[in-house]
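In full-length UniProt numbering, the protein residues as written are 1 to 964.
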């Protein structure tokens, strides 16, 4: 409930920042209401985990009504600027009266809360924890993995479908992943594809994802009919030995619908295997008819104890004994209260976190405070808490995640008492998940609830998520930390509690994506619904009742629903993940037909174009409704709406003066954008990465948006576009900048810039760099950490060298441009940790130069980065390199790695390097190597490698992927 209060307080603070004349005669009243709400917020923090009690829930519901009343008062007052003088005075008097009523209600409610024992919390935001080396161990997997791997490798016709069945949270996905990534499976199958079956499901989407995973999905395949796509996939699986994993199939209908693309009939000659996971036993048995059905088993008590103890205990909780997280603690003396069980369960994938230090914020080492007596006491508490977890892996790990955030014995005892008070016997999984949510610090609850708006299985860009959180006011930087660091710490906290799954670390070892496991998504949706936090409409008929009764402020559109069905004029957030209009494919077809007919000089293109404009006119009506009826929007994300429009279709967007976040990414605009976009002066994020096929003219009004923090310009602008950006002093991210459509000298005004992406044109004349001894500094920001230069037209090598050498603080550098020669090591900034080179067409081997960069940890050499025939990594080169990726380097035949080169290398990827004859012998001396991924390489290369004398030394780290 504190989430709603925080939202209103934020809006009040925004209102108090308005021009004085807007608040004339009423500013003090809003100040009083804001103070009363802040006091209520403190009591709500004090409620904490008692919110589940009936009495508390009753008063929380009363608070919710008051909060919404306060928000409605603000919305009503904001509309006064559009009325006449007399009506304005009447609105002010009514607002004053309503504010007094709200303050009286707040006073009454706070007294009631005090009367039932709720104390005001004064401490404010809790200390954010940092995540150090945090590892959830896999337990009891060996037998199951060996069994399933052996079954997969049998070339029997009746084992073409293997089904893993078990209840939610029992570890099906983890087992499937362990088998899928097993060395023998990677070696014996030439094609590999993993597909998560999201819901609502689409048959062609599943087939496309499988084809993409197998590396056989091309651009033209997107135009195939379902039958054509199924035939192509069927033939490929029949002719090649592949493994396809379908994770989380829920119904027989889904399997029967997608089955025609798989050669699973006994009569068919095929060695491909299909592995599915499901919680539906009927479906599993149906799919595995004549195949192999594996039923997941429960954990033993000893396994359960080890998992809970290892997760809950910190590295220093052993009282100096040196016990590590991965060690097994013997519990043979512990009585097993549930009776004998079969061995062999595993920790579910949702909780399989292996955060090594390379992907995490550095953690300060805590002093060793726990004595051995305290350690023993915690062990006893673990035994008692475990009795309520029913040996379900997910429940155990969630409970461990809660305990891991608590340091003292008193806190552990309080948690045990809460568990006992909720249920006297065994906790269900939903109850434990709810307990994990209730245990969240109040600053994390809105962050978690916000994820409810994303579709199932959606990989959420953390960069985009941060921008949405900023627009909502969820993030605050009172302590002077950067917003990005605060957001990342929040995500890490949620990850440590197992409530959010993070993708693999990428650039500079930062997390780039995150997602919700399905069991936590169900919890998130439930809590968001209870809070009235957001609405995901399923059909237009339920909208009027739901939006009025629950006073919804946020809507996420996952399926097509007519925008006119939204009748809540107080919406503050609108996210589109699906098309805005169902006839969008007709527009694409009309565009293609018009172009083809026009090229044939056939006059029919006029009639086709007329149909196109009729469809586009409907888009205009939809957008007009949106812009004229939702004037309180702070967030409008049209990325998934697939809009086709003229620039004037956005003429009324200037009425959304409260917007903080606007994304037109992926939309198609055929003409100049409306100048009214310049009215959006409160924008913090503006994403204009529209369809590249139609260059768009951007009016020179972005300079009015002085609050902008994140700006994404179109990849291709009309030649008439020329933008002034010198007023954007708060800008942190600028993408697709070029000197043809912008002024290079404006970069010197962006003193807070952290990320800069340069595309297409960047030339000497535009930035007036002369050949004197003291050329002007191009980028003045001392905060710049990331620089990307992509496909510039004939960029001057000296200018590029000067640009890079003057960005002395950058840690990430990406170059996608033809330069021919390479910069000397001394011209690269000392702090670079990540570098990506693509299409640089270097004629000399870059490895000797790159090997001298002292802090380089991640290196990617991609398509045409080097056009020579030999790489040479010299002795003592790359002292800190952690990950190396070679992709589509088609000319390299030989690769030499000297001894003592790359001493810390752990991950190596060789992808589509067709001319490479053999792996370097020097790799055998790199003892730190953990993963060697070989993908899209010729089968002859794979055979030579496997037949070589040295293969036994590295085969334990080799992963083959789609080597046909």
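For glycine and all other residues, C-beta sits at the position ideal for the given N, C-alpha and C.
Can you list, in chain order, the residues of its chain whose CB lies under 6 Å from that of residue i, leaving out five sequence neighbours each side?
i           : result
residue 822 : 842, 846, 849
residue 315 : Any reading at residue 315 needs caution, since the residue's pLDDT is 45, under 50, leaving its predicted position unreliable; the model's value is listed next. Correct list: empty, nothing qualifies.
residue 883 : 858, 907
residue 797 : 819
residue 737 : 758
residue 804 : none
residue 639 : 663, 665, 666
Would residue i and residue j qualify as a contact pair, given that the criterion is a beta-carbon distance under 7 Å?
i           : j           : result
residue 832 : residue 811 : yes
residue 409 : residue 377 : yes
residue 147 : residue 271 : no
residue 838 : residue 816 : yes
residue 161 : residue 312 : no
residue 163 : residue 293 : yes
residue 254 : residue 207 : no
residue 385 : residue 416 : yes
residue 659 : residue 683 : yes
residue 965 : residue 860 : Nothing about residue 965 can be read from this structure; the chain reaches only from 1 to 964.
residue 513 : residue 557 : no
residue 572 : residue 634 : yes
residue 537 : residue 563 : no
residue 663 : residue 637 : yes
residue 762 : residue 792 : yes
residue 390 : residue 295 : no
residue 901 : residue 877 : yes
residue 29  : residue 99  : yes
residue 189 : residue 241 : yes
Mapping DSSP to helix, strand and coil, what is residue i?
i           : result
residue 463 : helix
residue 162 : strand
residue 871 : strand
residue 736 : strand
residue 786 : strand
residue 207 : helix
residue 67  : helix
residue 190 : coil
residue 686 : strand
residue 360 : A caution first: residue 360 carries a pLDDT of 38, below 50, which makes its placement in the model too unreliable to give a value.
residue 968 : Beyond the ends of the chain as shown, which are 1 and 964, falls residue 968; an answer cannot be given.
residue 99  : helix
residue 556 : strand
residue 132 : A caution first: residue 132 carries a pLDDT of 37, below 50, which makes its placement in the model unreliable, though a value can still be read off. Residue 132: coil per DSSP, three-state reduction.
residue 248 : coil
residue 492 : helix
residue 179 : helix
residue 520 : helix
In chain order, what residues of the same chain have a beta carbon less than 7 Å from the beta carbon of residue i, not counting five sequence neighbours either side?
i           : result
residue 723 : 698, 700, 702, 741, 742
residue 825 : 849, 852, 853
residue 897 : 873, 920, 922, 923
residue 185 : 149, 152, 179, 243
residue 280 : 250, 251
residue 731 : 708, 709, 711, 750, 752, 753
residue 233 : 207, 210, 211, 261
What does DSSP give as the partner residue(s) for residue i in the beta ladder?
i           : result
residue 836 : 814, 860
residue 717 : 696
residue 277 : 164
residue 755 : 733, 786
residue 637 : 575, 663
residue 30  : DSSP, once it has assigned bridges, lists no residue as partnering residue 30.
residue 909 : 885, 933
residue 295 : 165
residue 396 : In the DSSP output, where bridge partners are listed per residue, residue 396 has none listed.
residue 750 : Looking at the DSSP assignment, residue 750 forms no beta bridge with any residue, so it has no partner.
residue 668 : 644
Ignore the nearest five residues each way along the sequence and tell me which others in residue i's own chain have a CB closer than 8 Å to its CB.
i           : result
residue 961 : 186, 192, 933, 934, 935, 936
residue 970 : Nothing can be reported for residue 970: it is not among the residues displayed for the chain, which extend from 1 to 964.
Next item on the list: Could you name each continuous alpha helix (DSSP H) segment of 4 residues or more that falls completely within the stretch 399 to 449, going from the start of the chain to the end?
Entry: 409 to 422, 429 to 438
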